[in-house]
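As structure tokens, the structure follows; a few thoughts come after it.
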Amino acid sequence: MTRVAAFDCGTNSLRLLIADVDAGTGEMTELVREMRIVRLGEGVDRTGRISEASMARTFAALDEYADLVAEHRPTAVRFCATSAARDAANAAEFMVGVEERVGVVPEVIDGDAEARASFAGATRVLGDAVDPVLVLDIGGGSTELILGST
Numbered sequence: 004m005t006r007v008a009a010f011d012c013g014t015n016s017l018r019l020l021i022a023d024v025d026a027g028t029g030e031m032t033e034l035v036r037e038m039r040i041v042r043l044g045e046g047v048d049r050t051g052r053i054s055e056a057s058m059a060r061t062f063a064a065l066d067e068y069a070d071l072v073a074e075h076r077p078t079a080v081r082f083c084a085t086s087a088a089r090d091a092a093n094a095a096e097f098m099v100g101v102e103e104r105v106g107v108v109p110e111v112i113d114g115d116a117e118a119r120a121s122f123a124g125a126t127r128v129l130g131d132a133v134d135p136v137l138v139l140d141i142g143g144g145s146t147e148l149i150l151g152s153t
């Protein structure tokens, strides 16, 4: 078993999943699943920047999440940020704050990578039972329609 942690930082919410994953089967046992509404992207469309208040809310949640990660000691940690971080002129400042809190270099993923991750997560439990599958991911800053096979 490998213990992993994944952060998903969207325009409105911040999620954390810590799980044990069997490398042979891909089976996953969830240990922690958290979600906070942080509204990171509030005002980004209007100002082009992540506000101080939005960063403060997100960093407060990250401080809590960092404690959970330290407690569970995963061997791999990944932090992905989406639309708000893609669009904000001050995203680099935000990324420094993330790295200071969780100890990993955050990734700003593009819309295609976001769509692939959404599809994989949404169809994980379906197996080969249904094909094709249409997944609709309505986020705070972007929407992805993904048609694919499991």
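Just so you know, this note's numbering puts 19 at position 16 of the sequence shown, and the rest follows in order with no gaps. Every residue gets a Cβ at the ideal spot worked out from N, C-alpha and C, and that includes glycine.
Is residue 80 near the ligand HEM, going by C-beta to nearest heavy atom under 7 Å?
This structure does not include the ligand HEM; it has no bound ligands of any sort.
Between the segment 72-79 and the segment 36-43, can you find at least three pairs of beta-carbon atoms closer than 8 Å?
Per the Cβ contact rule, the segment 36-43 is not in contact with the segment 72-79 (fewer than 3 Cβ pairs under 8 Å).
Is residue 65 near residue 104, with beta carbons less than 8 Å apart?
Here residue 65 corresponds to residue number 62 of the sequence shown, with the count starting at 1. Here residue 104 corresponds to residue number 101 of the sequence shown, with the count starting at 1. Cβ atoms of residue 65 and residue 104: closer than 8 Å.
CA nearest to the CA of residue 93, picked from 53, 114, 127:
For the purposes of this step, residue 93 is taken as residue 90 along the sequence shown, with counting starting at 1. Minimum Cα distance to residue 93 is reached at 53.
Whole beta strand (DSSP E) runs in the segment 98-153 with 3 or more residues, listed along the chain?
Runs of the beta strand (DSSP E) inside the segment 98-153: 136-141, 146-151.
Beta-carbon proximity of residue 146 to residue 85, cut-off 8 Å
The residue labelled residue 146 in the question sits at position 143 within the sequence shown. The residue labelled residue 85 in the question sits at position 82 within the sequence shown. No. Outside cutoff.
Counting C-beta neighbours from all protein chains within 10 Å, is the total for residue 152 16 or more, i.e. buried, or is it exposed?
The sequence position of residue 152 within the sequence shown is 149, counting from 1. That one is exposed.
Can you give the Cα-Cα distance for residue 97 and residue 58, rounded to whole angstroms?
What you label residue 97 is simply residue 94 of the sequence shown in a count that begins at 1. What you label residue 58 is simply residue 55 of the sequence shown in a count that begins at 1. C-alpha separation (whole angstroms): 7 Å.
Verify whether the separation of the beta carbon atoms of residue 87 and residue 51 is less than 8 Å.
The sequence position of residue 87 within the sequence shown is 84, counting from 1. The sequence position of residue 51 within the sequence shown is 48, counting from 1. Cβ distance not < 8 Å, so residue 87 and residue 51 don't count as in contact.
DSSP beta-bridge partners of residue 36:
Numbered from its first residue, the sequence shown carries residue 36 at position 33. Residue 36 is bridged to 20.
For residue 31, name the three-state secondary structure that DSSP assigns.
Within the sequence shown, residue 31 is the residue found at index 28, counting from 1. Reduced to three states, the DSSP call for residue 31 is strand.
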